[in-house]
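Please read the structure below before turning to the comments.
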Amino acid sequence: MNSINFSNVSVAVAVDGSDAPKTLLQDVSLDLRERRIGVIGANGSGKSTLLRLVNGLVEPSQGSVVVHGHNTVHDVRKVRANVGFVFTDPLSQLVMPTGREDVELSLRRSIKNRQERASRAESVLERFGILHLADQSIYELSGGERQLLALAAVLAVDPAVLVLDEPSTLLDLRNRELLRRTMSGLEQQVIMSTHDLDLAADMDRVLVVEAGRIVFDGGPSAAVAHYRALCAASLDGPGR
Ligand SMILES: Nc1ncnc2c1ncn2[C@@H]1O[C@H](COP(=O)(O)OP(=O)(O)OP(=O)(O)O)[C@@H](O)[C@H]1O
964 MNSINFSNVS VAVAVDGSDA PKTLLQDVSL DLRERRIGVI GANGSGKSTL LRLVNGLVEP
1024 SQGSVVVHGH NTVHDVRKVR ANVGFVFTDP LSQLVMPTGR EDVELSLRRS IKNRQERASR
1084 AESVLERFGI LHLADQSIYE LSGGERQLLA LAAVLAVDPA VLVLDEPSTL LDLRNRELLR
1144 RTMSGLEQQV IMSTHDLDLA ADMDRVLVVE AGRIVFDGGP SAAVAHYRAL CAASLDGPGR
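Structure representation (structure tokens):
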């Protein structure tokens, strides 16, 4: 039950001015049962597309994705209730004027009592070291502070699966370390795309995506070595 299963998944989209669809992902089959799953690969290789399939933001053109027993097309509400998604750009996720209100909004469905909700929101903000920023406009926060807030708002509701799309791009060294420690203490299944190969090294299983295909699937050090070799080949290959 506790697996993220991709069965022969392809994603193709129509492109303006062209008869041929563009293939973003091709023939992906995976059974992900590990607690920490990393996704690495070049810009535009298909990492975000793969992650967006996990909460039904992207639908397969072929094949199916089943997350902890729920199909992402037919049971999308159940999938969304189980999957927390942290976007690369926190502003595409934060909807309330302040951090406190945003975290409280996340908690509205799970905690009906107002006071309880407020106190839970405070403890979540404190855990991420941003309680002192709780009442500031989200537009006045730094990029990294917003990224921490977006993570706090998603983690507040304890989703069974946490999807993180490049969560550390804006974080300084200390907050990257905080993210690492937070992730290692989490009970839930985490699937994360990253360009930060140190973060990838903490994962139990790492997928390397290249031009819409999974070209490596295994332990973190072998995956990073594979990715480095791909980069070197593309820089030093014919025509360069
Ligand atoms: N809706 C869409 N329509 C057309 N092309 C798309 C669409 N969504 C994504 N793409 C293209 O699909 C490819 C994969 O995109 P994706 O965002 O999954 O890459 P990524 O590996 O996450 O990249 P990055 O590391 O730069 O964030 C890119 O070439 C992108 O331009």
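Residue 964 is where the sequence shown starts when you use the working numbering, and the numbers rise one by one after that.
We put the CB at the ideal spot given by N, CA and C, even for glycine.
From the options, residue whose alpha carbon lies closest to that of residue i
i, options, result
"I1000", "S992, L1170, L1142 and H1189", "L1170"
"K1075", "V1120, S1086 and Y1102", "V1120"
"V1126", "L987, V1017 and V974", "V1017"
"L987", "R996, V972 and P1053", "V972"
"R1168", "Y1190, R1176, Q989 and S1184", "S1184"
"G1007", "R1176, R1191 and A1196", "R1176"
"D1161", "G1092, E997 and S1131", "S1131"
"R1109", "R1080, A1163 and P1053", "P1053"
Nearest-angstrom beta carbon gap, residue j and residue i [assumed within contact, 8 Å]
i, j, result
"L1014", "D1128", "5 Å"
"S1156", "V1002", "4 Å"
"Q1056", "A1113", "5 Å"
"R1117", "L1088", "Per the sequence shown, residue 1117 should be read as Val rather than Arg. At roughly 13 Å, the Cβ-Cβ gap does not stay under 8 Å, so V1117 and L1088 are not in contact."
"L1111", "F1091", "5 Å"
Residue interval of the beta strand (DSSP E) (run including residue i)
i, result
"E1173", "R1168 to E1173"
"Q1152", "Q1152 to S1156"
"G1004", "R999 to G1004"
"G1016", "The displayed chain sequence assigns Leu, not Gly, to residue 1016. First-last for L1016: K1010 to V1017, but that is the alpha helix (DSSP H), not the beta strand (DSSP E)."
Bounding residues of the alpha helix (DSSP H) (the contiguous stretch that carries residue i)
i, result
"T1145", "L1136 to G1148"
"A1195", "P1183 to D1199"
"L995", "Premise fails: L995 lies in the beta strand (DSSP E), K985 to L995, not in any alpha helix (DSSP H)."
"S1082", "R1077 to R1090"
"V1117", "G1106 to L1118"
"A975", "Per DSSP, A975 belongs to no alpha helix (DSSP H); it is in the beta strand (DSSP E), I967 to V976."
Is it the case that the region 1136–1151 contacts the region 976–989, given that we only count it when at least three CB pairs across the two stretches are under 8 Å?
no
Give me the pocket residues for ligand 1, defined as CB within less than 5 Å of any heavy atom, sorted by chain position.
V976, L987, N1006, G1007, S1008, G1009, K1010, S1011 and T1012
Segment contact, 8 Å Cβ cut-off, at least three pairs: the region 1052–1067 with the region 1096–1104
yes
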